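First comes the structure, then the notes that go with it.
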Amino acid sequence: MGTGYELICLFCPSKHHTSCQSHIMSRPELKNFRRIVVKVGSSLLIDSAAGEVRAKWLAALAADIAKLHADGRDVLVVSSGSIALGRSRLKLPRGPLKLEESQAAAAVGQIALARIWSEVLGHHGIGAGQILVTLQDTEERRRYLNARSTIGKLLEWRAVPIINENDTVATNEIRYGDNDRLAARVATMASADLLVLLSDIDGLYTAPPGANPDAKLIPIVESVTAEIEGMAGAAESELSRGGMYTKIEAAKIATTAGTHMIIASGKADHPLQRITDGGLCTWFLTPANPVTARKRWIAGSLEPKGTLTIDAGAVTALRAGKSLLPAGVIKVEGDFARGDAVIVRGPDTHEIGRGLVAYDADNAEKIKGRSSPDVMVILGITGRAEMIHRDDLVISGSRS
Numbered sequence: 000m001g002t003g004y005e006l007i008c009l010f011c012p013s014k015h016h017t018s019c020q021s022h023i024m025s026r027p028e029l030k031n032f033r034r035i036v037v038k039v040g041s042s043l044l045i046d047s048a049a050g051e052v053r054a055k056w057l058a059a060l061a062a063d064i065a066k067l068h069a070d071g072r073d074v075l076v077v078s079s080g081s082i083a084l085g086r087s088r089l090k091l092p093r094g095p096l097k098l099e100e101s102q103a104a105a106a107v108g109q110i111a112l113a114r115i116w117s118e119v120l121g122h123h124g125i126g127a128g129q130i131l132v133t134l135q136d137t138e139e140r141r142r143y144l145n146a147r148s149t150i151g152k153l154l155e156w157r158a159v160p161i162i163n164e165n166d167t168v169a170t171n172e173i174r175y176g177d178n179d180r181l182a183a184r185v186a187t188m189a190s191a192d193l194l195v196l197l198s199d200i201d202g203l204y205t206a207p208p209g210a211n212p213d214a215k216l217i218p219i220v221e222s223v224t225a226e227i228e229g230m231a232g233a234a235e236s237e238l239s240r241g242g243m244y245t246k247i248e249a250a251k252i253a254t255t256a257g258t259h260m261i262i263a264s265g266k267a268d269h270p271l272q273r274i275t276d277g278g279l280c281t282w283f284l285t286p287a288n289p290v291t292a293r294k295r296w297i298a299g300s301l302e303p304k305g306t307l308t309i310d311a312g313a314v315t316a317l318r319a320g321k322s323l324l325p326a327g328v329i330k331v332e333g334d335f336a337r338g339d340a341v342i343v344r345g346p347d348t349h350e351i352g353r354g355l356v357a358y359d360a361d362n363a364e365k366i367k368g369r370s371s372p373d374v375m376v377i378l379g380i381t382g383r384a385e386m387i388h389r390d391d392l393v394i395s396g397s398r399s
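In numbering that gives the first Met the number 0, the protein residues as written are 0 to 399.
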């Protein structure tokens, strides 16, 4: 296999894949996924000695992304490197940076990073859009929905979102601190069905392989157990803020939300093609999918803040898989904000479903019963066409 390390299977009594080839053969393939998030760490992107981008490697990765894109896949990139690039461009000395120094270096590096990604993807005729997020953007529902909508529109336009934590404003108290967990949050926010963490290691080993020659690679993890968490090691790279621990945390976030995840080496050229060709990696599997996991979260984990009563025509439309439009709403109750969960009831007051509402209560009251073109006239802004988008709506299966 090229590493000298042995594969281990968690599902078979023998624990060795010499008697369990079926699990290797049954692992998923990239071509089977609709929306893929690729996380690229600083240690892969930046040459630590020169402080500059590894241009040849990045061009090869861009070619991999372009191939997926040409096959109709949605691709998002979570890219580190802004601070490392900034300190190189500013010729800052080696050593720890103070918070304000890191923020200023990131401000310089973000411009360079965005330009680099734009150029390498542009070579393949693909547009790139930069999105800088903070912890609050993925934790607060209103900001979460804004970021989700922006990502969705870029993908609709067939552009590749390049996403990074906004290190120019994030402080130690309000930051992720690593792009593994950020990538997992982005994957769930974008309803991606696959997250690929490109690392400086082939995958999850039973022990840190650099320190333990008996370490064995685990090709498939069906669930993140205490045993799996115990295998996480510490970060070993100068430029990387994450280690195996943060990747396991990312796997927990992703798989809970219905997103499969891969940890794979990004050291060689064409790292995504290497996965396609059967290269060593670890797959973290989930029995769910992003849509069902998200709707389960909406249905059971969020406290409703209000109620929308809809007419019979809207009930029929929702049961047919449509979004809820303002025209179908006949009554608004509660004090809710955009992004809050609300109950949707039919004209007979039976619960039809629950969803995340796209307007706050005051504006919902103003536009209820009105056609979509009237919304801009009434509110004075171009609002959402839907009161609740179908992706943010869970229909009650047994209620009429």
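Think of the CB as a built atom: it goes at the ideal place given N, C-alpha and C, for glycine as much as any other residue. Quick caveat: nothing in here was measured; it's all calculated off a predicted structure.
Own chain partners of residue i with C-beta closer than 6 Å, once the 5 adjacent residues on each side are dropped
| i | result |
| --- | --- |
| Gln272 | Asp63 |
| Ala59 | Asp268 and His269 |
| Gly80 | Ser41, Leu44, Ile45 and Leu112 |
| Gln20 | Confidence is the limiting factor: at Gln20 the pLDDT is only 46, short of 50, which leaves the residue's position unreliable, though a coordinate-based value still follows. Hits under 6 Å: none found. |
| His123 | Ala65 |
| Leu84 | Gly108, Ala111 and Leu112 |
| Glu228 | Ile247 |
Cβ shell of residue i (< 7 Å), same chain only, five flanking positions each side left out
| i | result |
| --- | --- |
| Ala298 | Arg353 and Val393 |
| Val185 | Val36, Leu75, Val77 and Ile162 |
| Arg142 | Gln135 and Asp136 |
| Leu89 | Ala104 and Val107 |
One or two residues paired with residue i in a DSSP bridge
| i | result |
| --- | --- |
| Glu164 | Val132 |
| Asp46 | Glu51 |
| Val156 | Note that residue 156 corresponds to Trp in the displayed sequence, not to Val. In DSSP, Trp156 forms no bridge with anything. |
| Thr308 | Lys330 and Arg344 |
| Arg353 | Ile342 and Val393 |
| Leu323 | Ile387 |
| Arg369 | In DSSP, Arg369 forms no bridge with anything. |
| Lys38 | Val77 and Leu196 |
Residue burial classification, residue i (beta-carbon count within 10 angstroms, cutoff 16)
| i | result |
| --- | --- |
| Gly40 | buried |
| Leu98 | exposed |
| Ala127 | buried |
| Gln109 | buried |
| Arg33 | exposed |
| Ser239 | Below a pLDDT of 50, predicted positions are generally treated as unreliable, and Ser239, at 41, falls in that range; the measurement from the model is reported next regardless. Classification of Ser239: buried, given that the 10 Å Cβ count is 16 or more. |
| Trp116 | buried |
| Asp192 | buried |
| Leu194 | buried |
| Ile82 | buried |
| Ile274 | buried |
| Trp156 | exposed |
| Gly338 | buried |
| Pro95 | exposed |
Contacts around residue i, its chain only, beta-carbon distance under 8 Å, and the 5 residues preceding and following it disregarded
| i | result |
| --- | --- |
| Ser371 | Leu324, Pro325, Ala326 and Ala384 |
| Lys266 | Leu43 and Asp199 |
| Asn288 | Asp192 and Gly257 |
Proximity below 7 Å, CB of residue i to CB of residue j
| i | j | result |
| --- | --- | --- |
| Lys251 | Ile262 | no |
| Pro160 | Ile200 | no |
| Gly333 | Thr308 | no |
| Val328 | Met375 | no |
| Gly50 | Ser87 | yes |
Taking only runs of the beta strand (DSSP E) that begin and end inside the stretch 71-148, which ones reach a length of at least 3 residues, in chain order? 73-78 and 127-132
Jot down the residue ranges of each uninterrupted alpha helix (DSSP H) in the stretch 190-264, minimum 4 residues, whole runs only, in chain order. 225-228 and 243-255
Length-filtered (4 minimum) alpha helix (DSSP H) runs lying within the stretch 274-307: 289-300
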